[in-house]
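Protein chains in written order, with the numbering used here: chain Z, 35 to 145; chain A, 35 to 145.
C-beta atoms are modelled at their ideal positions from N, C-alpha and C, and glycine is treated no differently.
See below for the structure under consideration.
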DNA sequence: CACAATTGCGCAATCG
DNA sequence: TCGATTGCGCAATTGT
């Protein structure tokens with residue numbers, strides 16, 4: 035609840051004048067505090083906006099990584115199935131697997 | 035460069051008084067505009083903060099998904115290698131691959 | 001109680 | 001011309 039201004043800032047003193055050195059001093063201090071506080075708010079605000087930009091970036095990177103991993107996984111599973119369906123063909127056990135996996139990675143990179 | 039205030043807001047009119055109805059009207063309008071503008075700023079600020087929270091969450095979800103995919107991939111590659119190193123053992127081509135892949139997924143889910 | 005920080009509000013300059 | 005922004009100060013209130 036905001037009460038109407040009571041014209042009394044300095045209890046004990048009868049009146050306040052704009053010229054009162056004590057008053058002026060207080061005003062100066064407060065004005066500085068206000069500037070400081072608002073500067074702080076501004077900085078935090080800017081930082082928050084930067085945070086949004088950064089997080090969006092990270093997000094994209096992660097999405098891309100997921101795409102890559104998914105493709106790789108699909109590819110590997112396909113390899114599995116391909117070889118499974120070759121009743122009499124070659125299978126992974128006979129190809130030199132280091133080589134095969136390398137080929138898998140290369141193929142995935144080109145997708 | 036901020037010029038010192040020149041006591042003239044209404045060219046053509048000689049003086050400005052706080053009581054001038056035109057002046058008061060202008061002040062009212064501006065005060066409303068100020069309130070509106072600051073409200074808008076405030077809303078945008080809050081929205082930005084919400085955005086940060088949301089993006090952070092999405093990020094976590096994506097990270098988790100990457101973890102899962104990575105494990106799955108590692109697991110599949112291990113399967114490959116295992117069978118590759120069994121010079122004379124069973125290999126993927128002989129196991130019933132649908133069944134094997136199902137087992138792979140189950141195993142991954144428990145990691 | 002003293003003092004800094006925050007907040008609502010209005011004024012004036014400036015922008016679009 | 002006029003609403004929107006912005007820097008700034010005042011005073012009340014809140015936090016330390």
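Suppose contacts are defined by Cβ-Cβ distances below 7 Å. Is residue i in contact with residue j by that definition?
{"i": "residue 51 of chain A", "j": "residue 83 of chain Z", "result": "no"}
{"i": "residue 12 of chain A", "j": "residue 85 of chain Z", "result": "Because chain A here runs from 35 to 145, residue 12 of chain A falls outside it and cannot be looked at."}
{"i": "residue 96 of chain A", "j": "residue 106 of chain Z", "result": "no"}
{"i": "residue 103 of chain Z", "j": "residue 103 of chain A", "result": "yes"}
{"i": "residue 89 of chain A", "j": "residue 110 of chain Z", "result": "no"}
Cβ of residue i less than 7 Å from any chain A Cβ?
{"i": "residue 122 of chain Z", "result": "No answer about residue 122 of chain Z holds up, because its pLDDT of 42 lies below 50 and its placement is not dependable."}
{"i": "residue 59 of chain Z", "result": "no"}
{"i": "residue 72 of chain Z", "result": "no"}
{"i": "residue 52 of chain Z", "result": "no"}
{"i": "residue 86 of chain Z", "result": "yes"}
For residue i, count neighbouring Cβ atoms within 10 angstroms of its own Cβ and tell me buried if that reaches 16, exposed if not.
{"i": "residue 98 of chain Z", "result": "exposed"}
{"i": "residue 133 of chain Z", "result": "exposed"}
Under 7 Å between C-beta atoms, does residue i make it to chain Z?
{"i": "residue 80 of chain A", "result": "no"}
Since residue i meets chain A, which of its residues come closer than 7 Å, beta carbon to beta carbon?
{"i": "residue 104 of chain Z", "result": "103"}
{"i": "residue 99 of chain Z", "result": "100"}
{"i": "residue 92 of chain Z", "result": "93"}
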